[in-house]
Amino acid sequence: MTLRLHDTLSGETRPLEPLTPGFVGIYSCGPTVYGPVHIGNFRSFLFADILVRYVRYRGLRVKWVMNVTDVDDKIIRGAAAAGVGIGELTERWTDRFLTDARILGMTDPDVVPKATEHIPQIVALIEELSRRGHAYRTDDGSIFYQISSWPGYGRLARLDPENMRVGERVESDEYGKDDVRDFALWKGPKRGEPSWSTEVGEGRPGWHIECSAMSMTHLGQTFDIHTGGVDLIFPHHEDEIAQSEAATGKEFVRTWLHCAFLQMAGRKMAKSAGNIARVDELLERGTPPRALRYALISVHYRMALAFSDESLAAAASAVERLDNVLAALDSYSEEREDDPSLDDVLANGRRSFEEALDDDLNVSGGLAAVFEVVRELNRRIGARSLSTADARRAADFLLDLDRVLGVMSAPTRKLESDVADLLEQRAAARAARDWAASDRLRGVLADHGIAVEDTRDGQRWRRVGEPSRA
RNA sequence: GGCGACGUGGUGAAGUGGCUUAACACGGAGGUCUGCAAAACCUCUACUCGGCGGUUCGAAUCCGCCCGUCGCCUCCA
Numbered sequence: 020m021t022l023r024l025h026d027t028l029s030g031e032t033r034p035l036e037p038l039t040p041g042f043v044g045i046y047s048c049g050p051t052v053y054g055p056v057h058i059g060n061f062r063s064f065l066f067a068d069i070l071v072r073y074v075r076y077r078g079l080r081v082k083w084v085m086n087v088t089d090v091d092d093k094i095i096r097g098a099a100a101a102g103v104g105i106g107e108l109t110e111r112w113t114d115r116f117l118t119d120a121r122i123l124g125m126t127d128p129d130v131v132p133k134a135t136e137h138i139p140q141i142v143a144l145i146e147e148l149s150r151r152g153h154a155y156r157t158d159d160g161s162i163f164y165q166i167s168s169w170p171g172y173g174r175l176a177r178l179d180p181e182n183m184r185v186g187e188r189v190e191s192d193e194y195g196k197d198d199v200r201d202f203a204l205w206k207g208p209k210r211g212e213p214s215w216s217t218e219v220g221e222g223r224p225g226w227h228i229e230c231s232a233m234s235m236t237h238l239g240q241t242f243d244i245h246t247g248g249v250d251l252i253f254p255h256h257e258d259e260i261a262q263s264e265a266a267t268g269k270e271f272v273r274t275w276l277h278c279a280f281l282q283m284a285g286r287k288m289a290k291s292a293g294n295i296a297r298v299d300e301l302l303e304r305g306t307p308p309r310a311l312r313y314a315l316i317s318v319h320y321r322m323a324l325a326f327s328d329e330s331l332a333a334a335a336s337a338v339e340r341l342d343n344v345l346a347a348l349d350s351y352s353e354e355r356e357d358d359p360s361l362d363d364v365l366a367n368g369r370r371s372f373e374e375a376l377d378d379d380l381n382v383s384g385g386l387a388a389v390f391e392v393v394r395e396l397n398r399r400i401g402a403r404s405l406s407t408a409d410a411r412r413a414a415d416f417l418l419d420l421d422r423v424l425g426v427m428s429a430p431t432r433k434l435e436s437d438v439a440d441l442l443e444q445r446a447a448a449r450a451a452r453d454w455a456a457s458d459r460l461r462g463v464l465a466d467h468g469i470a471v472e473d474t475r476d477g478q479r480w481r482r483v484g485e486p487s488r489a
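So, in structure tokens, the structure goes:
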């Protein structure tokens, strides 16, 4: 069994067959950094993260490239409004994006290219398109891609160019277009806007061209997987294909993966709709980061995901269940022979997990497999039928699957000295059967964010709301 | 107007022809364990998969129609 993925372009779900055996190149459309990224955006980044983690779990090497768009209309407007240069604005929000991503346990991409650092590559691509007759220049110094020169246009989005509704508004800088559907490769210089002096003239890159240039620069003219939200299918990815394939004459991307929307209050989460939630504000409200990650990854990526306070609370409880079993396994100790049936439980669990993830990254199914093992482990912990070594093996097993999920927390043995003191005092009180003191100390520890439980393996503690270990 | 996706319990959702008289998680009810609590475990919580027809020995799963929701065709993860 191998990983099968649903390709948007062909509409088929087919096995991942890397261009280079053992190596997968993945490009993910990242954020435009003009403000904080909301959790709807993060859903699509975390979906790519799961993909990367699972491909690596499967033993393949991955080069993951996620771009940052650091020059566009919104950035220019935002910088002007804030009275700062665009570099200052984009640096601030890029840092913030990467910080939030780490809080959510997202794997660091191998390369995070920026549009402004790829101007030569972008220009070279535009020149090639001009040479091949796919681009034309307008009076204001802009360069447009000529859609009519590319017969495959509309294939990805399944749109018939003839039937496309064309927006009524035609911006002044696009006035000279041959066809309103043509899109800008290069925008001519304007007062108050950043501009580069290049072989194709003064100006700045259009949006779509940067992703073609950056992905091909870092992954080659043809690469394995390109990801993004479904809203990028058209026009962004459609345009990327048109540009890239027209310029190289080669297939651009082997597999296109698109993540469905995160919905809140029955609508897609979008800045324009005003129904957005941000990482920092959720954290301020006391949301454990791993619970947020769980809430965003636990549903299949091609299904709309309903986000709400309730779904977040349910995710937090599920994550706690995982923490609890890991803590129980960690403190478990029993002098006895190994449980002969444990291997089967773990092997079956792993098989179910992999079958689900192989099936176009069915995370829900994978989680079901994990929780089935968790229940089985809890039974054995209660029955004291595991050996101490079994308990270690079981914990290692769960943490191994968590290389893909990134929602668990390995119990830490490290404690602040004051907390360690309190735990010792409580253990002493319990030994003396001083229940009043024991209960009081439990309350004090809770104030330190430490939950204490009494088990057959003695006092057990865990932190409430630990960050992801990823 | 064109194109597409989805509609499963109190909630979030797996499942896409027989293994499912529907997984997993959350929530709820009862019980076991425990000094108490928590955790955990056990039992129960959809005789049913938007509606109506059809195909089939057999359908939540395939087909048709209808209803509803969301989305794309414009910046958007």
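With the first letter of the first sequence counted as 1, position 377 gets the number 396 in my numbering; the numbers rise by one all the way through.
We treat Cβ as the ideally placed atom computed from N, Cα and C, and that holds for glycine.
For Met235, the three-state secondary structure derived from DSSP is helix. Taking each of Leu22, Tyr46, Glu31 and Ser404 in turn and checking the Cα distance to Val272, the smallest one comes out for Tyr46.
With a minimum length of 3 residues, the unbroken runs of beta strand (DSSP E) contained wholly in the stretch 27 to 108 fall at 32 to 34, 42 to 47 and 80 to 85. In the DSSP assignment, the residues bridged to Val130 are Val84. Its chain contains His153, Ala261 and Ala265 as the residues whose beta carbon lies nearer than 7 Å to that of Trp169, once the 5 sequence neighbours on both sides are disregarded; these appear in chain order. For Ser234 and Leu376, the gap between their C-alpha atoms comes out near 26 Å. Ala323 carries a coil assignment under DSSP once its states are collapsed to helix, strand and coil.
When the five nearest sequence neighbours on each side are left out, the beta carbons in the same chain lying within less than 7 Å of the beta carbon of Ile228 are those of Ile141, Leu144, Ile145, Leu204 and Gln262, in order along the chain. Distance between Glu270 and Asp363, taken at the CA atoms: about 45 Å. Within its own chain, the residues whose Cβ lies closer than 6 Å to the Cβ of Asp26, once the five positions on either side in sequence are excluded, are Thr274 and Trp275, listed in chain order.
Collapsing the DSSP output to three states places Ile295 in coil. In this structure, DSSP gives Phe271 a state outside helix and strand, which the three-state scheme calls coil. Collapsing the DSSP output to three states places His25 in a strand. Ile295 and Phe61 have their C-alpha atoms some 12 Å from each other. Shown here, Gly247 sits in a strand according to DSSP, grouped into three states. In the DSSP assignment, Asp415 falls within the unbroken alpha helix (DSSP H) covering Thr407 to Leu424. Taking C-beta separations shorter than 7 Å and ignoring five residues to either side along the sequence, the partners of Glu147 in its chain run Ala266, following chain order. Comparing C-alpha distances from Trp480 to each of Pro430, Phe202 and Trp454 shows the shortest one belongs to Pro430. Beta-bridge partners assigned by DSSP to Phe163: Tyr155 and Ala203. Nearest to Phe42 by C-alpha distance, out of Leu324, Asp159, Gly239 and Arg111, is Gly239. For Leu281, the uninterrupted beta strand (DSSP E) run begins and ends at Leu281 to Met283, by DSSP. Where Glu472 is concerned, the enclosing beta strand (DSSP E) starts and stops at Ile469 to Thr474. DSSP, read as helix, strand or coil, puts Ser216 in strand.
Excluding the 5 residues flanking it on each side, Glu218 has same chain C-beta neighbours closer than 7 Å at Val142 and Glu146, in chain order. Bounds of the alpha helix (DSSP H) holding Trp454 are Trp454 to Asp466.
Less than 7 Å divides the Cβ of Tyr313 from the Cβ of Ala334. In the DSSP annotation of this structure, Gly305 is not part of any beta strand (DSSP E), being labelled neither H nor E.
By the neighbour-count criterion, in which a residue is buried when 16 or more other Cβ atoms sit within 10 angstroms of its Cβ, Asn381 is buried.
It is roughly 37 Å from the alpha-carbon of Glu259 to the alpha-carbon of Asp419. When the beta-carbon positions are compared, Val130 and Val56 stay at least 7 Å from each other. Using a C-beta cut-off of 8 Å, the stretch 336 to 347 makes contact with the stretch 396 to 403, since at least three inter-stretch Cβ pairs fall below that distance. In chain order, Ile166, Pro180, Met183 and Val185 place their CB closer than 7 Å to the CB of Arg200, counting only its own chain and leaving out the 5 sequence neighbours on each side.
The DSSP-derived three-state label of Pro359 is coil.
Taking the C-beta atoms as reference points, Gly59 is found nearer than 7 Å to Leu281. Per DSSP, the continuous alpha helix (DSSP H) segment holding Gly385 begins and ends at Val382 to Ala402. In the three-state reduction of the DSSP assignment, Arg445 falls in the helix class.
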